[in-house]
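Numbering (UniProt numbering), first residue to last: 1 to 463.
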Ligand SMILES: *Cc1c(COP(=O)(O)O)cnc(C)c1O
């Protein structure tokens, strides 16, 4: 079950135990810059929160709630930070975290490449004018149609995940008269979540070809015999919401060992390795993510060290941050509908969205922060659970957080760090229409993904 493997630690007890570890914050009005986007601040004059200089009450008025509010300066700055930190390496933004045409343009302008893992993501990227040579195509079960589409588009690299796929890509490339660049997705027996990683002898997961059982080496053998494939190197992705580079160290060591084995067996040194994504962000003040510059230094050092030990030339390195680029850029703006107090227990605050716009809490027990944003408040902190409007008691947006005790219907609350894996995983459960993504910059707001309408729902339902 997904719960037992989720990245944010064990499931909380249903009710916080006596003397629980969630202390009330000293100042409920404080917006921790670690979890809020760059231009989000609380205006001193009236306590209202603004982003890119825009009053959240006006954003709610104009665009409705719930809405994802995306801070363009924030996301562009993160792209630049990763690009600069990894100068001499390649940064691929993992589009599955969040993808829309505006974002593709920003990514391209800031010099990042793009990972896609479906024909749909590829279509969005191409329609926004992304250079196909800068696109990498991932996925453990790409269809023949996906592969043909990718090859026709001229994607720069396909990350092959199985023997079947090696044959399919080779066949499609041959038919199109091209030599397709590929990397082999290898599993290195490392699974990293948050601060810990688990190293196992053989790995129980659907992705990739195992280094330990020789399947990765066999994949390399097969590819090297095929004239329509050019093997660029090896790819490893070990997990998500990782705060520590220890897992990457083990991964890099095993990938480099395989590169050395390939050199010894075939007399070729593959030019690239890709260590994947997975770098963590701060969802709450308790999280302490590393800066891209520190991550870059550590990863580059690890690869250099492992290569020196194996007497290999240092290959070109790629990384694939998704969450670390998109996550902190966005908050979800909700309106409070009802407040239900359970004496001595907690208060349920119902907002006008829920698991359809943020499934991560229900799916992974993810933790989030939440703040009252339409005004400041001096009221006492009240232990709250922010829930949605779906017909499901697991419809929880923020499991445990403090909100001011004078919170009431009509107040606006916002949940920060919802830029990754929220809109991209959004659903129509209960036929609720998915919220818009509103990009804000320099006092201007514009819809980059519009709100779904009932007409959109009915258009698919052909009766
Ligand atoms: C999901 C994924 C990423 C991005 O992961 P984040 O946790 O968002 O950084 C990168 N590479 C691959 C292959 C992935 O599957």
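Note that CB positions come from ideal geometry on N, CA and C, so glycine has one too.
Environment of residue i [buried if 16+ CB atoms lie within 10 Å]
i, result
"residue 357", "buried"
"residue 10", "Confidence in residue 10 is poor, its pLDDT being 38 and thus under 50, which makes the residue's placement unreliable; the coordinate value appears in the next sentence. Exposed is the call here."
"residue 385", "buried"
"residue 168", "buried"
"residue 229", "buried"
"residue 393", "exposed"
"residue 460", "exposed"
"residue 284", "buried"
"residue 211", "buried"
"residue 446", "exposed"
"residue 127", "exposed"
"residue 323", "buried"
"residue 353", "buried"
Range covered by the beta strand (DSSP E) that runs through residue i
i, result
"residue 318", "316-319"
"residue 41", "40-42"
"residue 446", "444-449"
"residue 233", "229-235"
"residue 405", "Here residue 405 belongs to no beta strand (DSSP E), and DSSP marks it neither H nor E."
"residue 199", "196-199"
Test: residue i CB closer than 9 Å to a CB of chain B
i, result
"residue 379", "Absent from the structure: chain B. Only one protein chain is present."
Residue i, enclosing alpha helix (DSSP H) - first and last residue
i, result
"residue 93", "Where residue 93 is concerned, there is no enclosing alpha helix (DSSP H), although the beta strand (DSSP E) it sits in stretches over 90-94."
"residue 266", "246-266"
"residue 152", "144-153"
"residue 300", "292-310"
"residue 34", "Careful: residue 34 lies outside any alpha helix (DSSP H) and carries neither H nor E."
"residue 460", "454-460"
"residue 59", "56-63"
Cut-off 7 Å between Cβ atoms - residues of its own chain near residue i, not counting five sequence neighbours on either side
i, result
"residue 99", "121, 124 and 424"
"residue 64", "451"
"residue 208", "161, 185, 186 and 187"
"residue 102", "439 and 448"
"residue 453", "433"
"residue 107", "79, 93 and 114"
"residue 170", "226, 228 and 229"
Beta-carbon proximity check, residue i vs residue j, cutoff 9 Å
i, j, result
"residue 275", "residue 220", "no"
"residue 88", "residue 255", "no"
"residue 349", "residue 314", "no"
"residue 185", "residue 235", "yes"
"residue 374", "residue 28", "no"
"residue 330", "residue 437", "yes"
"residue 182", "residue 231", "yes"
"residue 192", "residue 244", "yes"
"residue 412", "residue 44", "no"
"residue 145", "residue 158", "no"
"residue 286", "residue 328", "no"
"residue 74", "residue 96", "no"
"residue 420", "residue 308", "no"
"residue 389", "residue 71", "no"
"residue 22", "residue 402", "yes"
"residue 303", "residue 262", "no"
Residue i versus residue j - alpha carbon distance
i, j, result
"residue 138", "residue 458", "32 Å"
"residue 443", "residue 53", "5 Å"
"residue 5", "residue 115", "In this prediction, residue 5 scores a pLDDT of 36, lower than 50, which makes its location untrustworthy; the coordinate-derived value is nonetheless stated afterwards. Their backbone Cα atoms lie some 24 Å apart in a straight line."
"residue 456", "residue 426", "15 Å"
"residue 355", "residue 364", "12 Å"
"residue 391", "residue 430", "8 Å"
"residue 422", "residue 50", "22 Å"
"residue 46", "residue 110", "36 Å"
"residue 241", "residue 279", "5 Å"
"residue 336", "residue 172", "53 Å"
"residue 129", "residue 105", "7 Å"
"residue 48", "residue 162", "53 Å"
"residue 148", "residue 415", "40 Å"
"residue 435", "residue 448", "11 Å"
"residue 379", "residue 196", "39 Å"
"residue 8", "residue 295", "In this prediction, residue 8 scores a pLDDT of 38, lower than 50, which makes its location untrustworthy; the coordinate-derived value is nonetheless stated afterwards. Approximately 20 Å between the Cα atoms of the pair."
"residue 40", "residue 154", "40 Å"
"residue 1", "residue 267", "Low per-residue confidence applies at residue 1: pLDDT is 31, beneath 50, and the placement is therefore not dependable, though the value from the model is reported in the following sentence. C-alpha separation (whole angstroms): 44 Å."
"residue 418", "residue 69", "9 Å"
"residue 462", "residue 119", "24 Å"
"residue 346", "residue 42", "26 Å"
Neighbourhood of residue i by C-beta distance below 6 Å, restricted to the same chain and skipping five residues each side
i, result
"residue 203", "187 and 189"
"residue 362", "355 and 394"
"residue 178", "none"
"residue 81", "292"
"residue 175", "none"
"residue 298", "245"
Residue i Cβ short of 8 Å to ligand 3 heavy atom set
i, result
"residue 240", "As for ligand 3, it is missing from this structure, which binds only ligand 1."
Beta-carbon contacts of residue i that lie in its chain and below 8 Å, excluding the five residues immediately before and after
i, result
"residue 311", "260"
"residue 12", "Low confidence applies to residue 12: its pLDDT is 41, below 50, so where it sits in the model is not reliable enough to give any reading."
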